[in-house]
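Asker: Each residue of the sequence shown is one higher than the one before, counting from 6 in my numbering.
Note that the Cβ used here is the ideal one computed from N, Cα and C, for glycine as well.
Sharing a structure here in structure tokens format.
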Amino acid sequence: MAGPALGGVLVAVVGPGWALGWDALTFAASALLFSRISLKAKNVKVRTGFTADLREGWDDFCSRRWLWVMVCQAAVIVPVWLVGYQLLGPVYGQRVLGGAAPWGVVVSGFTAGLVAGAALTLMWKPRRVGLVVCAGTGSMAVPLGAMAAAVPLLALALATALAGTGLAVSMTVWASLVQERIPADRLGRALSFSTLGQILPVPFGYLLAGPASQVFGLRATLAAGALIIAAAAVVPLAIAQVRGLCLAPVVAREGDGPVVLARAER
């Protein structure tokens, strides 16, 4: 949580070049640590060919309506959030807040929210996944709306903390649902299509963000982003299958640990 704030101070004191250099060193250190991880190989399904696997994965992905509907939601929310928070956010920090140091406080609020959300999911196991995911992703509209309204720094930091909490909770329960409902031999391909659907629109969002902020203004663009995220978060709830998404109950059993009663419906 202190990292973003310290990064903002570092940029303000010694400049962005030194801060990026330090960032590069931390990535190199992370790569070195990852290289020390040893994982045992597992038996996997025999490949039938790239084209056949691709077609089979696509058919399986499309057959799960709840999955592709939520991926479509993410395809809207993810690029708008990245454009509003990561691209236009620092611009807002420079123009309105006064530089990198106060924007570092805002980013620290988001990180604190992520930590709080992760801690919350350790204690709270929501069953109504569809409602929780939509509410969590919808909370990401709050910081963009707060910037559009030019709220004070503390209020903006609290808004980003709320978004971080909602994002962490929604990501955790969604990952649990996907792993529970999709067979292990199909999970990798389903997640691949899911990830592709979310990130494919991102470059186009970045390309449009600059001209939009020039034509309509920074705060108006952020306000539009907040409205888009809020609408995209609510729309899937019109589908009964999404509203009914639930995690299977966990039944305690002596000796063998908890048993999850997995659901089979698509």
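Tell me the residue span of the alpha helix (DSSP H) that contains Pro21.
Answerer: Its alpha helix (DSSP H) spans residues 21 to 40.
Asker: Going by DSSP, which residues form a beta bridge with Arg133?
Answerer: According to DSSP, Arg133 bridges with Cys251.
Asker: Hey, could you find the ends of the alpha helix (DSSP H) Ile244 is sitting in?
Answerer: Note, Ile244: premise wrong, no alpha helix (DSSP H); not H, not E.
Asker: Distance, Cα to Cα, Asp65 vs Lys130?
Answerer: Taking the straight line joining both Cα atoms gives about 28 Å.
Asker: Using the rule of at least 16 other Cβ atoms within 10 Å of the residue's Cβ for burial, across every protein chain shown, is Cys139 buried or exposed?
Answerer: Buried: at least 16 other Cβ atoms inside 10 Å.
Asker: Does the beta-carbon distance from Val178 to Val134 come in below 8 Å?
Answerer: Yes.
Asker: Let me know the secondary structure DSSP gives Ile187 once reduced to three states.
Answerer: The answer is coil: DSSP assigns Ile187 none of H, G, I, E or B.
Asker: In whole angstroms, what separates the C-alpha of Arg60 from that of Cys77?
Answerer: Roughly 19 Å separates the two Cα atoms.
Asker: When you compare only the Cα positions, how much space is there between Pro21 and Tyr211?
Answerer: In a straight line, the C-alpha of Pro21 is about 21 Å away from that of Tyr211.
Asker: Classify Met5 as buried or exposed, calling it buried when 16 or more other Cβ atoms lie within 10 Å of its own Cβ.
Answerer: Any property of residue 5 remains undetermined from this structure, which presents the chain solely from 6 to 271.
Asker: Could you check what DSSP says for Arg70 in three-state terms: helix, strand or coil?
Answerer: Arg70 falls in the helix class under three-state DSSP.
Asker: According to DSSP, simplified to helix, strand and coil, what is Pro84?
Answerer: Of the three classes helix, strand and coil, the one that applies to Pro84 here is helix, per DSSP.
Asker: Given 8 Å as the limit, is there contact between the region 165 to 177 and the region 115 to 124, that is, 3 or more CB pairs closer than that?
Answerer: Result yes; three or more Cβ-Cβ pairs closer than 8 Å.
Asker: Please classify Leu201 as buried or exposed, where buried requires at least 16 neighbouring CB atoms within 10 angstroms.
Answerer: Result: exposed.
Asker: What residues in its chain sit with their C-beta under 8 Å from that of Leu252, if we drop five residues either side in the sequence?
Answerer: Hits under 8 Å: Lys130, Pro131, Arg132, Val134, Val178, Ser181, Leu182, Glu185.
Asker: Taking the runs of the alpha helix (DSSP H) that are 4 residues or longer, which of them lie wholly in the region 117 to 169?
Answerer: Here the runs fully enclosed are 134 to 143, 146 to 153.
Asker: If the criterion is Cβ atoms closer than 8 Å, does the pair Val110 and Gly13 meet it?
Answerer: For Val110 and Gly13, yes; Cβs fall inside 8 Å.
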